[in-house]
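Encoded as structure tokens, the structure appears first; notes follow it.
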Amino acid sequence: MPSPRPRTKRSGARRSRALWPRLRRRLFPAAPLSKRLRRLGSLLLLGALLAYPGALAADAVLVALLVPEEPGYTPASLPVPRPVPQMTVALVIDDMGLDRRRSARTVRLPGPLTLAYLPYAQDLAGQTRAARAAGHEVILHMPMEPLGAHDPGPSALRATLSEEENLSRLRAALAAVPGAVGVNNHMGSRFTENAAALGPILAEIGARGLYFLDSRTSPRSLAYTTARELGVPALGRDVFLDDSNDPDAITTQIAAMEARARRTGSVIAIGHPREATLEALEAWLATAERRGFRTIPLSGRLLLSRAAQRQ
Ligand SMILES: [Zn+2]
Numbered sequence: 371m372p373s374p375r376p377r378t379k380r381s382g383a384r385r386s387r388a389l390w391p392r393l394r395r396r397l398f399p400a401a402p403l404s405k406r407l408r409r410l411g412s413l414l415l416l417g418a419l420l421a422y423p424g425a426l427a428a429d430a431v432l433v434a435l436l437v438p439e440e441p442g443y444t445p446a447s448l449p450v451p452r453p454v455p456q457m458t459v460a461l462v463i464d465d466m467g468l469d470r471r472r473s474a475r476t477v478r479l480p481g482p483l484t485l486a487y488l489p490y491a492q493d494l495a496g497q498t499r500a501a502r503a504a505g506h507e508v509i510l511h512m513p514m515e516p517l518g519a520h521d522p523g524p525s526a527l528r529a530t531l532s533e534e535e536n537l538s539r540l541r542a543a544l545a546a547v548p549g550a551v552g553v554n555n556h557m558g559s560r561f562t563e564n565a566a567a568l569g570p571i572l573a574e575i576g577a578r579g580l581y582f583l584d585s586r587t588s589p590r591s592l593a594y595t596t597a598r599e600l601g602v603p604a605l606g607r608d609v610f611l612d613d614s615n616d617p618d619a620i621t622t623q624i625a626a627m628e629a630r631a632r633r634t635g636s637v638i639a640i641g642h643p644r645e646a647t648l649e650a651l652e653a654w655l656a657t658a659e660r661r662g663f664r665t666i667p668l669s670g671r672l673l674l675s676r677a678a679q680r681q
């Protein structure tokens with residue numbers, strides 16, 4: 371009967387060969403200098419370990435080399451999450467504040483999320499304080515005039531109103547949502563197609579040091595481009611999670627969200643505090659980090675975008 375030691379060595383060698391193509395792709399792609407230096411260090415370490423086989427368990431070494439950016443990752447945590455490094459997901463929950471029970475359940479989700487409160491909800495001081503205390507970011511969900519007959523609620527911005535009236539509605543709404551660090555539109559498929567009406571509103575948002583998220587309720591929305599032209603920090607929604615409340619449809623949209631994050635490294639998704647959405651998000655958030663997705667607030671997304679532009 372062969373001794374255990376040579377058997378271990380043979381199996382270790384097989385694993386090394388199988389892992390080499392993955393390792394080579396990870397070590398040699400174009401990357402910033404700091405990453406290349408870290409990879410060079412990893413290579414030297416690998417060389418030293420190959421010169422002294424058996425010094426450490428081969429699996430442990432290779433896992434450490436493959437996932438150097440994963441804090442708390444141990445050899446027992448296999449399989450290696452893909453891709454590395456993590457992808458960012460900015461999850462925005464609109465229409466917050468009206469349904470108190472589901473809004474509170476949303477606040478209990480692990481964050482940081484970005485929670486968009488309607489200015490005509492009750493006890494917004496208390497609700498937004500709880501949201502911030504739970505680690506979420508708070509923004510104003512500003513009602514804007516839609517195409518068609520849907521009611522955006524009281525004091526919505528309308529293309530037919532004067533600039534002064536729309537500005538005073540925006541200011542009152544901002545005052546109603548304490549701690550808001552940004553604004554996105556509730557409905558607004560008509561208002562966001564009107565650059566002339568949007569201009570003063572977006573300028574006011576920028577002058578207050580806030581950002582604007584275009585919910586993109588119309589494919590012809592000009593809000594994002596107008597904000598950028600005015601120098602207002604702006605972002606655009608990529609995926610709606612729950613246009614339908616059917617759990618299968620939400621699962622499909624969550625897959626689309628993940629696909630975009632995998633493709634581009636980041637995604638902005640909007641959902642609502644409804645039963646099926648909350649259930650889906652509770653399940654998704656429970657495993658997201660482990661699978662390489664990191665939730666960030668919209669302000670974090672702005673910071674990352676700016677850093678990327680500087681590089
Ligand atoms: Zn809304």
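Going by our numbering, the sequence shown opens with residue 371, and the numbers climb by one from there.
Yeah, the Cβ is synthetic: ideal placement off N, Cα and C, and Gly gets one too.
For clarity, every value in this text was computed on a predicted model and none was experimentally measured.
Rounded distance between the beta-carbons of residue j and residue i, thought under 8 Å
i, j, result
"Ile638", "Asp608", "5 Å"
"Asn554", "Ala486", "5 Å"
"Gly552", "Leu583", "6 Å"
"Leu527", "Leu540", "7 Å"
"Thr458", "Ile666", "5 Å"
"Thr476", "Glu507", "Their Cβ separation, rounded to whole angstroms, is 13 Å, which puts Thr476 and Glu507 out of contact at 8 Å."
"Thr596", "Gly569", "6 Å"
"Ile640", "Ser585", "6 Å"
"Ala495", "Gly467", "Incorrect: roughly 11 Å between the Cβ atoms, too far for contact."
Of the listed residues the options, nearest to residue i (C-alpha basis)
i, options, result
"Leu488", "Pro480, Ile463, Ala677 and Leu479", "Ile463"
"Ser588", "Ser532, Phe610 and Asp616", "Phe610"
"Arg664", "Ser636, Ala677 and Arg471", "Ser636"
"Arg478", "Arg661, Leu655, Arg590 and Val602", "Leu655"
"Leu605", "Gly670, Arg472 and Glu628", "Gly670"
"Thr530", "Phe561, Gly549 and Pro522", "Phe561"
"Met514", "Gly549, Glu563 and Ala474", "Glu563"
"Ala650", "Arg633, Ala631 and Ile624", "Ile624"
| Hey, which residues come within less than 5 Å of ligand 1, measuring from Cβ to any heavy atom, in chain order? | Asp464, Asp465 and His556
| message | Going residue by residue through the segment 469 to 525, where are the continuous alpha helix (DSSP H) segments of at least 4 residues, counting only ones entirely within it? | response | 470 to 477 and 494 to 503
| message | Report the start-end ranges of each beta strand (DSSP E) in the segment 531 to 611 that is 3 residues or longer and not cut off at the edges. | response | 552 to 557, 581 to 584 and 604 to 606
| request: List in chain order: all unbroken alpha helix (DSSP H) runs of 4+ residues lying wholly within the segment 609 to 635. | output: 617 to 634
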